[in-house]
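Written below as structure tokens is the structure these notes are about.
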Amino acid sequence: GLNSPFGNMFVNIAASSLATYLAIKLIGNIGIGIASGIMIFTILIFGEIVPKSLAVANAEAISKRVARPIETISTGLFPLIKLFKIIISALYYFSGKKSVKEKKEITEEDLITLIDAGKDEGVIEEEEKEMISNIFEFGDTMVKEVMIPRVDMACIPSDTKLGLILKLIKKMGHSRFPVYEETIDNIVGILYAKDLLGIYEQWYSSEDKFFLKEIIRKTYFVPENKKIDELLDIFQKDRIQIAIAIDEYGGTAGLITMEDVVEEVVGEIIDEYDKEIKLFEMTGDNIVIADAIISIDKINEILNIEIPENGFETLGGFIFDLLGRVPRKGEKIKYQNCQMIIEQVVKNRIRRIKIIKELPQTESNIPGKDE
Numbered sequence: 030g031l032n033s034p035f036g037n038m039f040v041n042i043a044a045s046s047l048a049t050y051l052a053i054k055l056i057g058n059i060g061i062g063i064a065s066g067i068m069i070f071t072i073l074i075f076g077e078i079v080p081k082s083l084a085v086a087n088a089e090a091i092s093k094r095v096a097r098p099i100e101t102i103s104t105g106l107f108p109l110i111k112l113f114k115i116i117i118s119a120l121y122y123f124s125g126k127k128s129v130k131e132k133k134e135i136t137e138e139d140l141i142t143l144i145d146a147g148k149d150e151g152v153i154e155e156e157e158k159e160m161i162s163n164i165f166e167f168g169d170t171m172v173k174e175v176m177i178p179r180v181d182m183a184c185i186p187s188d189t190k191l192g193l194i195l196k197l198i199k200k201m202g203h204s205r206f207p208v209y210e211e212t213i214d215n216i217v218g219i220l221y222a223k224d225l226l227g228i229y230e231q232w233y234s235s236e237d238k239f240f241l242k243e244i245i246r247k248t249y250f251v252p253e254n255k256k257i258d259e260l261l262d263i264f265q266k267d268r269i270q271i272a273i274a275i276d277e278y279g280g281t282a283g284l285i286t287m288e289d290v291v292e293e294v295v296g297e298i299i300d301e302y303d304k305e306i307k308l309f310e311m312t313g314d315n316i317v318i319a320d321a322i323i324s325i326d327k328i329n330e331i332l333n334i335e336i337p338e339n340g341f342e343t344l345g346g347f348i349f350d351l352l353g354r355v356p357r358k359g360e361k362i363k364y365q366n367c368q369m370i371i372e373q374v375v376k377n378r379i380r381r382i383k384i385i386k387e388l389p390q391t392e393s394n395i396p397g398k399d400e
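Reading the sequence shown from the start, the letters are residues 30 to 400 in the working numbering.
Structure follows, in structure tokens:
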């Protein structure tokens, strides 16, 4: 990693020293300033900008021609580089630092900058940019950020009759349902709708009693703080499509499917049973009516505001945390330069919020200023 910077520095210093020496010999001490000015210009143009621009424009052809010489130079300079690294490590050790941490050649921020530049120049489409950005965030996303929360889970009690189950499947359109005993915190299995197809006629035409627990499949439990990239590996290896997220106390926190995980990269997947939720609606300049499940990131982006993320992901979670209770319909909440009005509350859950961003007063918008 040090070969390229070291070689570059060595050539620049050697060229500057030689030019200064020759200038002094020819015109005396006044040559120091002249040589420095000329060499700065020469090195910058012919040693940095032009060669690197040509190399970027003809990367493959040039790399084939210079690969062997660079390898030879790197091999020759290796002992010297190694010596310098030992000296630097020793200096770090005696100064109280354990080791030298070499800077990464390319960081995630560098790649994101390149992607943004590619999108601006039309090389990358907006959808492609969004997908690549999602991949960078994928490894940092936890199950609790993308799961279906407990209150929105469609679950079936273990003693439910076959007819009622069929009606529920038809109504909800889901292909898998968690099955519980007594409480949703006690999930005993997962019902796959397709498993009912082979047994429906058997129970319908016979006098045998239907037992839901006989056909449910094993439940896979996952901590809500688990990273979704790790969960995706498990889904793929064990051929699992659905998991129950549990909190630190072992209670049911939510439900997550393979589709939920994949959507974090490719975006929302709408099937024939999904009802697309309109997360927000602009009703005027700087006025938004938003669903409580809209993400903090999204509402910040829409209104160009800075609502913090302190352990919650949604606007509803932020308001609940801010108040410490369930707000009333019509209640107004002032936060920074925003007025939030609770539009809808259903069964102790915030559903819709109107947000009005207040613009800072200037001479042009102060009432009566122009009169």
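For each residue, glycine too, the CB sits at the ideal point set by N, CA and C. Keep in mind that this is a model prediction, so the values were computed, not measured.
Within 10 Å of its beta-carbon, does residue i have 16 or more other beta-carbons around it, so buried, or fewer, so exposed?
i, result
"Met311", "exposed"
"Thr286", "buried"
"Phe75", "exposed"
"Gly218", "buried"
"Glu387", "exposed"
"Glu253", "buried"
"Met38", "exposed"
"Gly57", "exposed"
"Gly283", "buried"
"Tyr209", "buried"
"Leu195", "exposed"
"Ile216", "buried"
"Pro80", "exposed"
"Pro356", "buried"
"Asp149", "exposed"
"Phe206", "buried"
"Ile78", "exposed"
"Ile371", "buried"
Could you tell me if the beta carbon of residue i falls within a distance shorter than 7 Å of some heavy atom in the ligand ZN?
i, result
"Met287", "Among the components modelled here there is no ligand, and therefore nothing to report on the ligand ZN."
Can you round the beta-carbon distance between residue i and residue j to whole angstroms, since I take them to be within the 8 Å contact cut?
i, j, result
"Ala222", "Val251", "Incorrect: roughly 22 Å between the Cβ atoms, too far for contact."
"Ala321", "Ile245", "Between Ile245 and Ala321 the Cβ distance is about 32 Å, and since that is not below 8 Å, they are no contact."
"Gly168", "Asp262", "Actually they do not touch by this definition, with Cβ atoms about 11 Å apart."
"Leu352", "Tyr364", "About 11 Å; that fails the 8 Å criterion."
"Asn41", "Ile72", "6 Å"
Compare the C-alpha of residue i against each of the options and name the closest.
i, options, result
"Gln373", "Gly359, Lys386, Leu112", "Gly359"
"Gly66", "Val79, Ile78, Ala52, Glu77", "Ala52"
"Met201", "Asn215, Lys190, Met182, Ala272", "Met182"
"Asp188", "Thr212, Met176, Arg179", "Thr212"
"Ser324", "Asp314, Asn315, Gly313, Phe347", "Phe347"
"Ser204", "Ile362, Gly192, Ile216, Leu220", "Leu220"
"Glu156", "Ile371, Glu297, Asp326", "Glu297"
"Asn339", "Ile331, Glu330, Phe349", "Phe349"
"Phe264", "Lys111, Glu288, Ser103", "Glu288"
"Glu403", "Asn87, Ile102, Arg354, Glu166", "With the chain represented from 30 up to 400, any question about residue 403 goes unanswered, as that position is not in the structure."
"Lys256", "Gly151, Val172, Leu55", "Val172"
"Ile185", "Lys242, Ser82, Ala96", "Lys242"
"Val375", "Thr142, Lys54, Val180, Lys111", "Val180"
"Thr170", "Leu260, Pro98, Ala146", "Leu260"
"Asn377", "Met369, Arg354, Ile228, Ile362", "Arg354"
Here's a check: name, in chain order, each residue in its chain whose Cβ is nearer than 8 Å to the Cβ of residue i, leaving out the five neighbours to either side.
i, result
"Ile328", "Phe309, Val317, Ala319, Ile334, Ile336, Leu344, Ile384"
"Ile161", "Ile144, Ile153"
"Ile164", "Val294"
"Gly105", "none"
"Leu332", "Asn315, Val317, Cys367, Ile384, Lys386"
"Leu140", "Phe165"
"Met176", "Glu253, Ala274, Ala282, Gly283, Leu284, Ile285, Asp289"
"Glu137", "Phe165"
"Ala88", "none"
Short of 7 Å in beta carbon distance, which residues of its chain neighbour residue i, apart from the five on each side in sequence? Order them along the chain.
i, result
"Ser45", "Met68"
"Asp214", "Gly280, Thr281"
"Ala43", "none"
"Asp276", "Glu253, Ala282"
Give every residue of the same chain whose Cβ lies closer than 6 Å to the Cβ of residue i, excluding the five residues on either side of it in the sequence, and list them in chain order.
i, result
"Glu174", "Glu342"
"Ala84", "Ile91"
"Leu197", "none"
"Ala272", "Tyr249, Val251, Ile285"
"Ala64", "Ala48, Thr49, Ala52"
"Asp224", "Ile244"
"Glu330", "none"
"Arg380", "Ala321, Gln373"
**3 or more residues per run - each beta strand (DSSP E) lying fully within the region 293-342** = Counting whole runs of 3 or more residues, the region 293-342 contains the beta strand (DSSP E) stretches 309-313, 316-320.
**Asked** What residue ranges within the region 115-177 form continuous alpha helix (DSSP H) runs of no fewer than 4 residues, ordered along the chain?
**Response** Runs of the alpha helix (DSSP H) lying entirely within the region 115-177, each at least 4 residues long, are 137-149, 155-167, 172-175 in chain order.
**Request:** Return the chain-ordered ranges of every beta strand (DSSP E) run that is complete within the region 206-232 and spans a minimum of 3 residues.
**Result:** Runs found: 212-221.
**Message:** Just to confirm the assignment: which complete alpha helix (DSSP H) runs, minimum length 4, are found wholly within the region 59-92?
**Reply:** For the region 59-92, the full-length alpha helix (DSSP H) segments reaching 4 residues or more read 60-71, 79-86 along the chain.
**Message:** For a minimum of 3 consecutive residues, which ranges assigned as the beta strand (DSSP E) are wholly contained in the region 348-379?
**Reply:** The qualifying runs are 361-364, 367-375.
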